[in-house]
Amino acid sequence: MVLKCNDVKKIYRILGDAGLEDRSMDLKSGILEIINDNGDIVEYYVDDFRKENKDKVTFKKFWEGYEQKNNLEIQPLIVFGSWEEEQDFRDNVVAEAKSGVEKRKIKKDLESLKTCYLIQDNEIELFLEEEGINYLEYKGVNTENESGIGLVYNMSLKELYKLYNQTGSELFKDNVRLGISGSQANRLRDNFKTKFLLGLYGLNNSDDKDSEFKEKVNEYLKENNGSDNFNGYQNALGNFWFHHNGITIYSSEKFRVAEDKIIFNPLNVSVINGAQTLTHCTDIVRTITKDLKNRLGQDDLKVNNFINQLMDELKQSVKIKTIFIAVNSKLKRSITLGLNTQIPVKIEDIETKTELVDQINMKLEKKNKKICRNGEERSYGGFLLPDFVKAYLLFRDKPGTARNLNKNKLEEYLKEIDEFLDKDVESVDDFFRNMDVFDYVDKWWRKREKPEMVPEEIYAGLSSNGKFYFKSYCKDVYNDAEDENNKEEYFQGIYESFVDTFIELAAPRVIDSNMLKKDDLYKGYQESRRSLEKDTDKAIELFKEPVELVNKYEMYREHNKSKSNRSMFIKKELEEQRIKIEFRTINVTVKDTEESFSLKESFALPSKTFSQFYEIDNYPKIYDDEKVDEIFSFETSYLKKEIEKEFFLFIFIENLVGKLIGIQVIPNFNFSNLFLKAKEVYDDTIDKFKAGNADGFVKASDNKGLHIRPKAKDANDTFTFTDDSQQIKRTFWVNRETVLQIIVPHLEKFQGNIKEKQLVGA
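Quick note on numbering: the sequence shown equals residues 0 to 761 in numbering that gives the first Met the number 0.
If you want it as structure tokens, here you go:
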């Protein structure tokens, strides 16, 4: 390895050996000696991995050389040109690994690396917002700090990104921590990510954007947002300033301000407050940029230019209040501690864990669930003990008991839950899926709207106290594959059905709070459900001539807030005839009298078809087992069950202007003809879990009949992949072209009767 003299000096300085910059050194051995502030010698095994270095070795060879030193005192050190260059290197090294276990090992090795960036310039210029006119200045007034000064500016993320790209984590060398790890950090990062996705949607769909890539970007944003609801996108980036404290940058040397920019040596400064803001923002921007380029074609210059411009607009739109403090180094520590003083959650504030809860948590772990102690972070599947017990009672059709929970019975309920978790696997899986539904209801509840035509005096009791009853009701009604692309509207439709059902059930009584603290009313609902007959023949006869359905559906839409909830309409029609059947709905557009129908969306299969790959004992190590293919046999998979399962398919047919012109019913529909294709995609999915390759799942463009893509309640709904990364939850989808090929023969009769004027809404 060869390094220029100036580069060696910079490495010394970055590593804190400023006093010995001028001594010569021999890097043939790969060992660099640094004397730290305590006067101790620290040894580094170093190599140059900058892109411009044509003589660089592979990471594997570098690591083998490091391990051959067989000295725990020696630390591995890699030189890069920038933070982005380092991240690209890390991604490539992990991507080249052949298996999940190899990826996890490499990630562990990379975590122990020390890195430094050999930037070319000794100074950096950061542009200030509003030409640097709008700012606050404070000068030190005591003798100890007579030359000190504090400056407060608004700066764009784009400028701060430039600084971080030249320094990386060294920028936080004087902070009390580099950031918060674990679930608390995840929550903050997810908060930032949500705002950035919303803001990016606004930028991508602005009036001045006319690009062939717009729709593909929107598809990515929809998948990562968890839905196509982008409410608040107009202010997501503009309001970022109000929601965060900003960052504080310290220097022992003065900052130079020249008109609309501030100038300083990046090696002389340190962020002493706001590390999380900067690290999360930069990481999210880079991740989104990388994802979009991978999706649209990273080798395409036009794609790269479009995405770079879009992300630059995002970074420029995010404003962060930034404090620059230039004071004597003696005050550095007291300022740093003052800015980071916090009251931690102490162990004595946390409830004592019991063996029973620990035992249950061991069973919950594989499902990404956990009973948390009071004060413990509850993101990513965590529940407080009372909330977890309530969820179980809701699942057991006891919404009144859940709402009026007797905490003296917690141990009794926990023993019951512990036994339940050892019973029927499908029931347990159903419970966990419904826990996610209950969690979503909590977030959605404030957005519900009063159903039309329901008097306020009758509605008031359910409106104020009906959430627990509604959660149990959702358990029997909600289908995670049938949310019609708008989860909030889907739940509104379920809510309207819920209100109508229970008001009618309670009549002539008016539902009040006391009634909803008991389970009697819900037992009455269950009794009425038991009278429904699973009668396929009766359903076939009912929908043999579905012409009337069109008019009924239009009337349904007129009297409901949820204007397009097809599945709740069909449910209502079936229950009026006391029929209970499995069904799904899809929406197609007819283009002309001769040919084609178009299908807006692929056909989602239930989430359990995919979650079975990670909701399993001994995950992720199970993928290192030689018998993993036997363990995940396609023959016993949820995917096979779903494609073979028969159901009624209701096809809602619209014309080019969105007017419903027909409903076609296919009884006993299934996807069993996709057996071989489904098995191929299924086996490929196992291979991707083995390899730890989350980007390699089958895509719709692969034309395999099925594909895998995200389907989650929101951007924070994730699971841990075999390479230890957090991935948004996803499921199997039947390609829309495949669905069309199967259903078009069933539409021939309708197609023959269609009139030209119906196509244009006449």
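Using N, Cα and C, we set each Cβ at its ideal position, and we do this for glycine too.
Note that the coordinates shown come from a computational prediction; the quantities given were computed from them, not determined experimentally.
Just the C-alpha distance for residue i and residue j, rounded to the nearest angstrom, thanks.
i: Leu604; j: Ser28; result: 58 angstroms
i: Gly657; j: Cys280; result: 40 angstroms
i: Arg565; j: Asn667; result: 19 angstroms
i: Tyr412; j: Pro398; result: 14 angstroms
i: Leu435; j: Lys517; result: The sequence given here places Asp at residue 435; Leu does not occur at that position. So the two alpha carbons sit approximately 24 angstroms from each other.
i: Asp682; j: Phe612; result: 11 angstroms
i: Lys3; j: Asp311; result: 33 angstroms
i: Phe646; j: Gln663; result: 14 angstroms
i: Tyr11; j: Leu31; result: 9 angstroms
i: Ser269; j: Gly38; result: 22 angstroms
i: Gln67; j: Ser205; result: 56 angstroms
i: Asn234; j: Lys599; result: 29 angstroms
i: Phe48; j: Glu63; result: 15 angstroms
i: Asp765; j: Glu158; result: Since the first residue shown for the chain is 0 and the last is 761, residue 765 is missing from the structure and cannot be characterised.
i: Lys301; j: Asn293; result: 13 angstroms
i: Arg528; j: Lys192; result: 43 angstroms
For residue i, does the three-state DSSP call read helix, strand or coil?
i: Arg176; result: Here Arg176 scores only 47 on pLDDT, less than 50, and its place in the model is too uncertain to base an answer on.
i: Val151; result: strand
i: Phe431; result: helix
i: Asn264; result: coil
i: Val656; result: coil
i: Thr281; result: helix
i: Ala459; result: helix
i: Pro666; result: strand
i: Ala401; result: helix
i: Gly661; result: strand
i: Gly523; result: helix
i: Thr286; result: helix
i: Lys3; result: coil
i: Ala257; result: strand
Short of 8 angstroms in beta carbon distance, which residues of its chain neighbour residue i, apart from the five on each side in sequence? Order them along the chain.
i: Asp90; result: Lys289
i: Glu83; result: Asn164, Arg285
i: Lys106; result: Val93, Asp722, Asp723
i: Ser530; result: Arg577
i: Leu673; result: Ile642, Gly704, Leu705, Val733, Thr737
i: Pro385; result: Leu404, Lys406, Leu409
i: Ile803; result: Since the first and last residues shown for the chain are 0 and 761, residue 803 lies out of range.
Sort the options by Cα distance to residue i and report the nearest one.
i: Ile118; options: Asn70, Lys50, Gly492, Lys253; result: Lys50
i: Glu129; options: Asp120, Phe670, Ser155, Gln67; result: Ser155
i: Arg447; options: Glu456, Leu461, Cys371; result: Leu461
i: Ile319; options: Trp240, Ile306, Asp298; result: Trp240
i: Tyr555; options: Ser111, Asp683, Glu451; result: Glu451
i: Lys59; options: Asp46, Lys53, Leu71, Asn70; result: Asp46
i: Ser601; options: Met514, Glu547, Val733, Phe612; result: Val733
i: Ile741; options: Asp694, Thr730, Asn669, Asp511; result: Asn669
i: Phe419; options: Leu363, Gln491, Tyr468; result: Leu363
i: Gly695; options: Ser671, Phe720, Lys676; result: Phe720
i: Gly131; options: Phe195, Phe568, Val151; result: Val151
i: Thr730; options: Val326, Leu739, Ala693, Ile370; result: Ala693
i: Thr584; options: Ile652, Ile123, Ile727; result: Ile652
i: Phe88; options: Val56, Val100, Gly99, Leu71; result: Val56
i: Asp716; options: Ile248, Asp396, Asn223; result: Asn223
i: Ser595; options: Phe631, Asn559, Leu655; result: Leu655
Apart from the five residues on each side of it in sequence, which residues of its chain come closer than 6 angstroms, Cβ to Cβ, to residue i?
i: Tyr200; result: Leu220, Phe229, Tyr232
i: Lys712; result: Gly225, Tyr439
i: Ile665; result: Leu648, His745
i: Val41; result: Ile33, Asn35
i: Lys579; result: Leu531, Lys533
i: Ile510; result: Gly460, Leu461
i: Leu236; result: Gly198, Ser316, Val317
So is residue i in contact with chain D if we call contact Cβ pairs under 9 angstroms?
i: Lys676; result: The question asks about chain D, but that chain is absent: this structure has only one protein chain.
Give me, in chain order, the residues of the same chain whose beta-carbon lies closer than 7 angstroms to that of residue i; leave out the 5 immediate sequence neighbours on both sides.
i: Ile13; result: Cys115, Glu169, Leu266
i: Thr351; result: Only weak support is given to the placement of Thr351: the predicted model assigns it a pLDDT of 32, under 50, and the value that follows is read from those uncertain coordinates. Contacts found: none.
i: Lys607; result: Asp428, Arg432, Tyr637
i: Lys748; result: none
i: Tyr65; result: Tyr44, Pro75
i: Ser597; result: Val587, Thr588, Lys590
(request) Mind listing, in chain order, the continuous beta strand (DSSP E) runs of no fewer than 3 residues lying wholly within the segment 567 to 623? (result) 582 to 589, 596 to 598
(request) Starting from the N-terminal side, write out each stretch of the beta strand (DSSP E) that is 3 residues or longer and does not extend beyond the segment 295 to 331. (result) 318 to 325
(request) Output the residue ranges of the alpha helix (DSSP H) runs that lie fully inside the segment 42 to 119 and measure 4 residues or longer, sorted by chain position. (result) 58 to 67, 82 to 95, 99 to 110
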